[in-house]
Structures are given as structure tokens and as C-alpha cells.
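Undergrad: What follows is a structure written as C-alpha cells; I'll ask about it next.
Dropping the structure here:
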């Protein structure tokens, strides 16, 4: 036990992975019972199935479906359809966690 007036700061790590490919949770959409993202290919949004793993409120680990450097649509919304014309922005997720 600590004495009166002492305090402890604790950080609990539930999981950790090195060299992890991850994608923003804001890019994920449901595709039936599975997950997908809209990947930007030649100015078009292509619905791409992905397998996701652990994550937090900002990012999810990717098991398959994308490669580092692929561009995805953030906040795609319900009206975005496969093969729709889109313009890529300045943020190129997914990234590798260091």
C-alpha cells in the first residue's frame, strides 16, 4: 500500500503489434456481415472487402484487403456507390504503426 498523499499513474496495454497495417475506423463500412472500405483507384471509389483485427476508436488493424499506400474514402456515407467518381484528398491512409 502507498502512504497517504502518494499517487500512481498506470497504463495498461491490452494488445500491441509492431509493423501493423491499419486503417481509420472512419473509412470502414458494412458490407453485409463483413467489413469493407472504398478504395480510390483511378478517380473511382471501389468497394473493397477487408478483414479487420484489434483497434481503438481511431484505427483498426488490417488482416487483409489493402496495402500500405492505398487511398481510402473517409466518411463515405450511405450515398456513395461502388465505382462512383471521387477526387483524392491529401491524406493517404492506411499507414504502418511505429
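In this note's numbering, the protein residues as written are 22 to 119.
Backbone N, C-alpha and C fix where the C-beta goes; we use that ideal spot for every residue, glycine too.
Nothing here was measured: the structure is a model prediction, and the numbers come from that model.
(1) If you check the beta carbons only, do residue 68 and residue 44 fall under 7 Å apart?
(2) If you run the structure through DSSP and keep just helix, strand and coil, what is residue 77?
(3) Assuming contact is defined by CB atoms lying nearer than 7 Å, are residue 66 and residue 101 in contact in what I supplied?
(4) If contact is defined by three or more beta carbon pairs under 8 Å, each pair taking one atom from either stretch, is the stretch 84–93 in contact with the stretch 24–44?
(5) For residue 71, which residues does DSSP report across the bridge?
(6) Are the Cβ atoms of residue 61 and residue 109 separated by less than 7 Å?
(7) Just the Cα atoms here: how many angstroms apart are residue 99 and residue 85?
(8) Would you kindly report the start and end of the unbroken beta strand (DSSP E) that includes residue 43?
(9) Measuring CA to CA, which of 39, 74, 64 is closest to residue 57?
(10) Leaving out five residues on either side along the sequence, give the residues of the same chain with a beta carbon under 7 Å from the beta carbon of residue 70.
TA: Short version:
(1) no
(2) coil
(3) yes
(4) yes
(5) 56
(6) yes
(7) 24 Å
(8) 41–45
(9) 74
(10) 52, 55, 57, 86
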